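Chemist: In case it helps, the numbering used here puts the sequence shown at residues 79 to 289.
Just so it is clear, CB atoms sit at the ideal spot from N, CA and C, and this is done for glycine as well.
From a predicted model like this one, the values you see are computed outputs, not experimental measurements.
Once you've had a glance at the structure underneath, I'll fire off some questions.
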Amino acid sequence: MKAHTYETQSTITPEKALEFLKEGNQRFVNNLKANRDLLEQVNATREGQWPFAVILSCIDSRTSAELIFDQGLGDVFSIRIAGNFVNQDILGSMEFGCNVAGSKLIVVLGHTKCGALKGGLDAAQIEGLGMDNLNHLINHFDPIIKEVIEEGEERSSKNSSLLERLNQQNVKSAIEDIRKQSSTLKNLEKEGKIKIVGANYDVETGVVTWL
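Okay, here's the thing in structure tokens:
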């Protein structure tokens, strides 16, 4: 497979971009890889890049977007932050990816057994460790935890049901934040130029489920 060019990127629809990722994950799960000459892709992209998708995922070492979607150099913009949430800088990166560089799809990718979300559930213990910036990060999830936790339910990372509900709601909240906080991306989606979708990666099976 060759790297995308401006011409090939311009013919890709948001629906086709999504299909590329679905097909790539199927190859990954079946231990198949598209035939790529990575050095050729280096040469092909040295003058510019034309990725077809922007993927926001966690920093978790098991969730590399290029690997789990079997994509090559120049195919996707990969944005990573613990807990796959958005802030102004990430939104700016997404706006660049879609409105400047021409990507057709934004994916918010959560994953099972997320350590950042576990930290959010166990915030009291984490805060006791005295890491100011980590405390700031995990407190981001507190409003979402309050949305999904049931009355009397144990707030703990050991509560696997709560953790998975939090994971899925966190993805949905990130998508809502993209639409609320970026008129650029909201308008691109409204005009049909991009899609914004959510997905969940299972660290045990390698399968991506689309929400």
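How many angstroms separate the CA atom of Gly-193 from the CA atom of Val-186?
Modeler: Each residue's alpha carbon lies about 17 Å from the other.
Chemist: Taking the alpha carbon of Asp-280 as the point to measure from, which residue in Trp-128, Gly-126, Arg-105 and His-189 has its own alpha carbon closest?
Modeler: Of Trp-128, Gly-126, Arg-105 and His-189, the residue nearest in Cα terms is His-189.
Chemist: For the stretch 211-228 against the stretch 256-274, are there 3 or more C-beta pairs whose distance is under 8 Å?
Modeler: The stretch 211-228, when compared against the stretch 256-274, does not touch it at the 8 Å Cβ threshold.
Chemist: Starting from Asn-278, trace the beta strand (DSSP E) in both directions and tell me its first and last residue.
Modeler: Element bounds for Asn-278: 273-279.
Chemist: Could you spell out the range, first to last residue, of the alpha helix (DSSP H) harbouring Val-120?
Modeler: Where Val-120 is concerned, the enclosing alpha helix (DSSP H) stretches over 116-122.
Chemist: Are three or more beta carbon pairs between the stretch 125-132 and the stretch 166-181 nearer than 8 Å?
Modeler: Yes, they touch.
Chemist: Return the chain-ordered ranges of every beta strand (DSSP E) run that is complete within the stretch 147-180 and spans a minimum of 3 residues.
Modeler: Runs found: 154-158.
Chemist: Beta-carbon within less than 6 Å of Gly-175's beta-carbon, same chain only, minus the 5 sequence neighbours each way: which residues are those?
Modeler: Within the same chain, Gly-175 has close Cβ partners Val-132, Phe-155 and Ser-181.
Chemist: Roughly how many angstroms lie between the CA atoms of Glu-85 and Glu-101, to the nearest whole one?
Modeler: Each residue's Cα considered, the two are about 21 Å apart.
Chemist: Given a cut-off of 8 Å, decide if Phe-219 and Gly-270 are closer than it, judged by their beta-carbon atoms.
Modeler: Contact flag unset, no.
Chemist: Ala-143: which of Lys-273, Ile-184, Gly-208 and Gly-197 sits nearest, CA to CA?
Modeler: Residue Ile-184 is the option with its Cα nearest to Ala-143.
Chemist: Pull the bridge partners of Gly-188 from the DSSP assignment, please.
Modeler: Gly-188 pairs with Asn-278.
Chemist: Between the alpha carbons of Leu-266 and Asn-121, how many angstroms are there, rounded?
Modeler: Approximately 31 Å, taken between the alpha carbons.
Chemist: In this structure, how does DSSP classify Thr-141 when only helix, strand and coil are distinguished?
Modeler: Thr-141 falls in the coil class under three-state DSSP.
Chemist: Along the beta strand (DSSP E) that carries Val-285, what are the first and last residues, could you check?
Modeler: Taken as a continuous stretch (DSSP letters only), Val-285 belongs to no beta strand (DSSP E), as it is neither H nor E.
Chemist: Does DSSP put Ile-133 in a helix, in a strand, or in coil?
Modeler: In the structure shown, Ile-133 sits in a strand (DSSP, three-state: E or B).
Chemist: Only counting the same chain, and skipping five residues up and downstream in sequence, which positions put a Cβ closer than 8 Å to that of Leu-289?
Modeler: These residues qualify, in order along the chain: Gln-246, Val-249, Lys-250, Val-275, Gly-276, Ala-277 and Asn-278.
Chemist: Taking all protein chains shown into account, do 16 or more other C-beta atoms lie within 10 angstroms of the C-beta of Leu-117, making it buried, or fewer, making it exposed?
Modeler: With fewer than 16 Cβ atoms within 10 Å of its Cβ, Leu-117 is classed as exposed.
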